[in-house]
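All the letters of the sequence shown, read from the start, carry residue numbers 1 to 373 under the numbering used here.
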Amino acid sequence: MVNTKKLTYRFDQVGSYLRPENLKKAREQYANGEISHEELLQVQHEEIKKLVDEQVKVGLRAVTDGEFNRSWWHLDFLGQLGGFEFYDQNDSYKFHGEKTRSTNIRLNGKVHANLNHPFFDDFKYLKSVTPAGVEPKQTIHSPSLIINRDHRSDLWSKYYDTWEEFLDDLAQAYHDTLQKFYDLGARYVQLDDTTWAYLINQFNVNADNPAEQDKLEKIADDDVYVINKALSGLPEDLKLSTHICRGNFKSTYLFEGGYEPVAKYLGQLNYDAFFLEYDNDRSGGFEPLSAIFNDRDNIEVVLGLFTSKSADLENSAEIIARIKEAEQYVPKANLALSTQCGFSSTEEGNILTIQDQWEKLALIKEIADEKFI
Numbered sequence: 001m002v003n004t005k006k007l008t009y010r011f012d013q014v015g016s017y018l019r020p021e022n023l024k025k026a027r028e029q030y031a032n033g034e035i036s037h038e039e040l041l042q043v044q045h046e047e048i049k050k051l052v053d054e055q056v057k058v059g060l061r062a063v064t065d066g067e068f069n070r071s072w073w074h075l076d077f078l079g080q081l082g083g084f085e086f087y088d089q090n091d092s093y094k095f096h097g098e099k100t101r102s103t104n105i106r107l108n109g110k111v112h113a114n115l116n117h118p119f120f121d122d123f124k125y126l127k128s129v130t131p132a133g134v135e136p137k138q139t140i141h142s143p144s145l146i147i148n149r150d151h152r153s154d155l156w157s158k159y160y161d162t163w164e165e166f167l168d169d170l171a172q173a174y175h176d177t178l179q180k181f182y183d184l185g186a187r188y189v190q191l192d193d194t195t196w197a198y199l200i201n202q203f204n205v206n207a208d209n210p211a212e213q214d215k216l217e218k219i220a221d222d223d224v225y226v227i228n229k230a231l232s233g234l235p236e237d238l239k240l241s242t243h244i245c246r247g248n249f250k251s252t253y254l255f256e257g258g259y260e261p262v263a264k265y266l267g268q269l270n271y272d273a274f275f276l277e278y279d280n281d282r283s284g285g286f287e288p289l290s291a292i293f294n295d296r297d298n299i300e301v302v303l304g305l306f307t308s309k310s311a312d313l314e315n316s317a318e319i320i321a322r323i324k325e326a327e328q329y330v331p332k333a334n335l336a337l338s339t340q341c342g343f344s345s346t347e348e349g350n351i352l353t354i355q356d357q358w359e360k361l362a363l364i365k366e367i368a369d370e371k372f373i
């Protein structure tokens, strides 16, 4: 009989971790043709095993591979999904005070799952080094990052007769990918997503432009359609979470604004858990949590009250006060804690040390134990 009880954690983490120098050096050597792929994998596997041990030591019951197998949090997965290719867009993402590399992806055929995607082997290795009683957590990115985002769906009419056919294939590709992860033993998969923060920004910028508002609402509706179709019919004991991200590159960000403009859409998404950024004033207040939670007693809201962008440790009393404030909108039994984002969404990493990273997580565990246990 299948165990349909979903995994729950009061102390959780978004996913990425700062890359150790040994791994950075190996990736550079591989890029320069100085070592083989097998030699890179050996270093990568050694560092992932150490990372898993550290996560368990700090008290996490769901662990990731730190995204040590990739350069970007999203493009490494998407560029190897069926129907896409990498290209140089001759431009970069403009974060506040920083620019990223100019890599992007675009359609080159009909969208489909790549059942030989290298992420599957990466997950198998993570599972093999995860101790009993701890869950290996897989992170990928949401299909919404493709829909009218950064030119990734611009070529849809070259391969499809209708937009709806493109959306359906995208949803099916993700459904099949998630099922494959489940078949390999995954019971916790997280879909990271910057689209909703992008839409927050655009809704606010175009508040007095009804035509643009209509376009943004169509994007949001399409995102809900594709995500929910992708999640539909998957095994009941597969926990599916999402992280709503405002951008995370070298401790900088892309978007700002409270959740009000998109809360009704998030409240329609059939995820089991929502990681929400609440580490500073850019995130707005807790009031939209009511619409996001939407009276669904099986939903977890993971409050990202701690910043991954700085080594500064939060004040425990202030964090506990904020949790109590959030309880006005979401029952305490449905709340959990995390940093607002990962520590290294790209291989460059945020501006803090690996030791800082573990001290931050230890503080979150301490407060979660005090508040929730």
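Even for Gly, the Cβ is constructed at its ideal location relative to N, Cα and C.
- The straight-line gap separating the alpha-carbon atoms of residue 39 and residue 123 is approximately 19 Å.
- For residue 192, the uninterrupted beta strand (DSSP E) segment begins and ends at 188-193.
- The alpha helix (DSSP H) runs of length 4 or more contained entirely in the segment 280-336 are, from start to end of the chain, 289-293 and 316-326.
- Only buried fits residue 360, as 16 or more other CB atoms lie within 10 angstroms of its CB.
- If you draw a straight line from the Cα of residue 13 to the Cα of residue 338, it is about 5 Å long.
- Annotation: the segment 102-155 contains the following complete segments of the alpha helix (DSSP H) (minimum length 4 residues), in chain order: 118-128.
- Per DSSP, residue 88 is not a residue of any alpha helix (DSSP H); the beta strand (DSSP E) it occupies stretches across 82-88.
- The closest CA to that of residue 6, considering only 187, 46, 173 and 75, is found on 187.
- A Cβ-Cβ separation of about 5 Å places residue 137 in contact with residue 64 under the 8 Å criterion.
- Taking a C-beta distance under 8 Å as the contact criterion, residue 343 and residue 261 do not qualify as a contact pair.
- Following the DSSP letters along the chain, one finds residue 273 inside the beta strand (DSSP E) bounded by residues 273-277.
- In this chain, the alpha helix (DSSP H) harbouring residue 78 covers 75-78.
- For the options 299, 269 and 307, the alpha carbon positioned closest to that of residue 281 is the one of 307.
- Here residue 351 is exposed. Its C-beta has fewer than 16 other C-beta atoms within 10 Å.
- Between residue 303 and residue 323, the C-beta spacing is below 8 Å.
- A residue is called buried once 16 or more other Cβ atoms fall within 10 Å of its Cβ, and residue 67 is buried on that count.
- DSSP places residue 361 inside the alpha helix (DSSP H), whose first and last residues are 354-372.
- Here residue 271 is not near residue 235, since their CB atoms are 8 Å or more apart.
- The beta-carbon separation of residue 113 and residue 176, rounded to 4 Å, stays under the 8 Å limit for a contact.
- With a threshold of 16 other beta carbon atoms within 10 Å, residue 243 meets it and is buried.
- Counting along the chain, residue 60 sits inside no beta strand (DSSP E), nor does DSSP assign it H or E at all.
- Given a length threshold of 4 residues, each whole run of the alpha helix (DSSP H) inside the segment 161-234 is given here in chain order: 163-183, 195-205 and 210-231.
- At a Cβ-Cβ threshold of 8 Å, residue 239 and residue 273 count as neighbours.
- Assigned with DSSP and collapsed to three states, residue 71 falls in coil, not helix or strand.
- For residue 240, the pairing in a beta bridge is given by DSSP as 189.
- Cβ-Cβ distances below 6 Å link residue 354 to 18 in the same chain, with the five nearest sequence neighbours on each side left out; the list follows chain order.
- Taking the C-beta atoms as reference points, residue 195 is found nearer than 8 Å to residue 149.
- For residue 269, no alpha helix (DSSP H) segment is defined, and its DSSP state is neither H nor E.
- According to the DSSP assignment, residue 25 belongs to the alpha helix (DSSP H) that extends over 21-31.
- In the structure shown, the three-state DSSP call for residue 157 is helix.
- Rounded to whole angstroms, the Cβ separation of residue 167 and residue 226 is 5 Å, and the two are in contact under 8 Å.
- A distance below 8 Å separates the beta carbons of residue 117 and residue 80.
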